[in-house]
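Written below as structure tokens is the structure these notes are about.
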Amino acid sequence: MANYKIIWALAFACVLLTVIAPAASAHRVYAQEQVTEVQIRSWYGGGDPMPNADINIYAIKNGEEDLYITDVTDEEGLYYFEPKLGVVEYRVVVSQSGHQKEITFNVAGSEGSGEEAELPLSARIVAGFGYLVGLAGFGMYLSARKTK
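In terms of the working numbering, the sequence shown has 1255 at position 71, counting the first letter as 1, and numbering is strictly consecutive.
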């Protein structure tokens, strides 16, 4: 008789979780980054900015490098530019009075954002209950085999 109560309780829990689970994931949210502006900051070793420094930005596409922008930084050593459509890799050369720095970067990131996808809390709870129900069912199966 006790086994029937456990089976009915587990069946009720499965039905209840099946009803609750779709409602928990009905409001899924997605996000995607979009780079609309790149900021280049240039400074000297002591932290002083490089005002009015010459800046050359090269767009790298399919291994070929093309000069994209030639300009100067602002008074705080900053320069902003919009990425070229279809180009994700750039090389920037900043120079002023004999000092020069060259950087190469990828606006899309090296291999994505680096964050692993994680299940929402509600899905993890439902999955946990699913594991428990599965273990209980396996235990009941083994105990039924022993009684026969």
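From the three backbone atoms N, C-alpha and C, an ideal C-beta is built for every residue, glycine too.
In terms of Cα proximity to V1199, the closest of G1323, M1324, V1317, K1330 is V1317. Classified as buried, S1226 has 16 or more neighbouring CB atoms from the shown chains inside 10 Å of its CB. Here DSSP, grouped into helix, strand and coil, assigns S1226 to coil. F1265 and E1221 have their C-alpha atoms roughly 6 Å apart. DSSP places A1292 in no beta strand (DSSP E); its state is neither H nor E.
Membership of T1220 in any alpha helix (DSSP H) is not indicated, and neither H nor E is assigned to it by DSSP. Residue F1313 holds the alpha-carbon nearest to the alpha-carbon of A1193 among G1282, F1313, P1235, Q1280.
In the displayed model, L1305 falls within a helix according to three-state DSSP. For V1278, the closest of I1287, V1219, G1229 by C-alpha to C-alpha distance is I1287. In this structure, the straight-line span from the alpha carbon of K1268 to that of I1241 is close to 11 Å.
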